[in-house]
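For the sequence shown, the positions run 54 to 372 when the numbering used here is used. Each residue gets a CB set at the ideal place from its N, CA and C atoms; glycine is no exception. Remember, predicted model here, so these are calculated numbers, not experimental data. First comes the structure, then the notes that go with it.
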Amino acid sequence: MNQTLPASFLERGVLIFGERLFRDIQPTFIERPTTLRVNDIKASKHENIKTTLVEQGFKLQSVSWYTDAYILLNKSKRELTETDVYKDGKIYIQSLASMVPPLVLDPQPGERVLDLTAAPGSKTSQIAALMGCVGELVANDNNRVRFFKLKHNLETLGVAAENDGWIFRLRMEHGAKLCQEYREYFDKILLDAPCSAEARFVVDEPRTHGYWSERKIKEMAYKQRQLLLSAWGALKPGGTLVYSTCTFAPEENELQISRLFERYSDARAVDIRVDDLKIVPPLKKWKDKDLHAGVAKAIRILPTKEIEGFFVAKIKKQS
Numbered sequence: 054m055n056q057t058l059p060a061s062f063l064e065r066g067v068l069i070f071g072e073r074l075f076r077d078i079q080p081t082f083i084e085r086p087t088t089l090r091v092n093d094i095k096a097s098k099h100e101n102i103k104t105t106l107v108e109q110g111f112k113l114q115s116v117s118w119y120t121d122a123y124i125l126l127n128k129s130k131r132e133l134t135e136t137d138v139y140k141d142g143k144i145y146i147q148s149l150a151s152m153v154p155p156l157v158l159d160p161q162p163g164e165r166v167l168d169l170t171a172a173p174g175s176k177t178s179q180i181a182a183l184m185g186c187v188g189e190l191v192a193n194d195n196n197r198v199r200f201f202k203l204k205h206n207l208e209t210l211g212v213a214a215e216n217d218g219w220i221f222r223l224r225m226e227h228g229a230k231l232c233q234e235y236r237e238y239f240d241k242i243l244l245d246a247p248c249s250a251e252a253r254f255v256v257d258e259p260r261t262h263g264y265w266s267e268r269k270i271k272e273m274a275y276k277q278r279q280l281l282l283s284a285w286g287a288l289k290p291g292g293t294l295v296y297s298t299c300t301f302a303p304e305e306n307e308l309q310i311s312r313l314f315e316r317y318s319d320a321r322a323v324d325i326r327v328d329d330l331k332i333v334p335p336l337k338k339w340k341d342k343d344l345h346a347g348v349a350k351a352i353r354i355l356p357t358k359e360i361e362g363f364f365v366a367k368i369k370k371q372s
């Protein structure tokens, strides 16, 4: 297995996690089972989506830390997409790890919320559901192809339907430009940043890791830094920002957050509580650089055969 992943990636993995832990992580670079989330926007509270799917022959395993999430134990993803509950937007196929950042963000009805890099819309729709479609939600993605995929998904999932008490805006802007328009406007911001996606590597699928290089990490880190600074400007005093990635690279994780704390004296780290997930503390130091103490409250979710690895940080802007 080790010979099929980039050698420098494996070397970095040992530096990040330590030899023993990274050895335990390596068997998780596999295709994971299909997982889904019940979309409360479309699914009536009186509907039992699990029962409906079980009656159609699907075997589902509940997820202890999120009642809306299930793991598909049999049949294929394609078969799931052929069901009426999928076509009607009552369920959404979404990785388990990607469900964590919206839960950490904890958006409330009536708040103003921004999903800065929103495509394909899994987290956006989850945020809307958590808000009960009450308040204001702006979803942005500056890639044209991804934007129209986002638009289609959010229409199917019922997010785009405005009503009394619900304002939804879909934007296709560069993050910096959008955030200049919304200076200190949002109560909550999710920045699930574009990244090198190391936690999604599948050892038998070179397309998932063939593009990887340390140069790619530097390229993504530059983009993340610009997005993070822009997001901070759009966050109102007293507001909360959640930053997340699906990669292991400290340059894209701890170092990004450390720079934010070093630059802004009004940034305060917030504790993150997640139940029934394997987590380890973030790094305190990377190579020759000591990291800001605020980084210590971030979490690294360890990958398993059901869930990919994720980095999540929660930061409050002091009033």
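From which residue to which residue does the alpha helix (DSSP H) around F62 run? 60-70
K128 (DSSP reduced to helix, strand or coil): coil
Can you give me the Cβ contacts of R236 inside the same chain, cut-off strictly under 7 Å, excluding the 5 residues immediately before and after it? G286, A287
Three-state secondary structure (DSSP) at E189? strand
For M54, count neighbouring Cβ atoms within 10 angstroms of its own Cβ and tell me buried if that reaches 16, exposed if not. Because the pLDDT at M54 is just 45, under 50, the model does not fix this residue reliably, and the point stays unresolved.
Hey, out of L355, P160, V365, whose CA is closest to P80's CA? L355
Is the separation between the beta-carbon of T357 and that of L158 shorter than 8 Å? no
Residues near V67 by beta carbon distance below 8 Å, same chain, minus five either side: F75
What alpha helix (DSSP H) runs, 4 residues minimum, are completely inside the region 206-250? 228-234
Spatial neighbours of K112 in its chain, beta-carbon cut-off 7 Å, leaving aside the 5 residues before and after: L126, N127
In angstroms, rounded to a whole number, what distance separates the CA positions of L313 and A172? 24 Å
Under the three-state reduction of DSSP, which class applies to Y145: helix, strand or coil? strand
Whole-number beta carbon distance between L243 and V295, since they are thought to touch under 8 Å: 5 Å
Reduced DSSP category for Y275 - H, G, I as helix; E, B as strand; rest coil: helix
Tell me the start and end of each unbroken alpha helix (DSSP H) in the region 81-109 that is at least 4 residues and wholly inside, in chain order. 102-108
Out of curiosity, what's the CA-to-CA distance linking L51 and I332? Past the boundaries of the shown model lies residue 51; the chain is included only from 54 to 372, so the question cannot be answered.
Classification of N306 by the beta-carbon crowding that lies within 10 angstroms, buried from 16 upward: buried
Please report whether the beta-carbon of I180 lies at a distance below 8 Å from any beta-carbon of chain C. Checking the listed chains, one finds no chain C in this structure; it contains a single protein chain.
Going along the chain, which unbroken runs of the alpha helix (DSSP H) with 4 or more residues stay wholly within the region 259-343? 267-287, 307-316
Under 7 Å Cβ to Cβ from S311, same chain only, skipping five residues before and after it: list those, please. L344, H345, V348
With a CB to CB cut of under 7 Å and the five nearest residues on each side skipped, what residues in its chain are close to P334? A349
Using 8 Å as the threshold, is the C-beta distance between T170 and V212 below it? no
Alpha-carbon to alpha-carbon, I124 and E304: 32 Å
Could you say if the region 270-281 and the region 161-168 meet the contact criterion of at least three C-beta pairs nearer than 8 Å? no
For F200, three-class secondary structure by DSSP: helix
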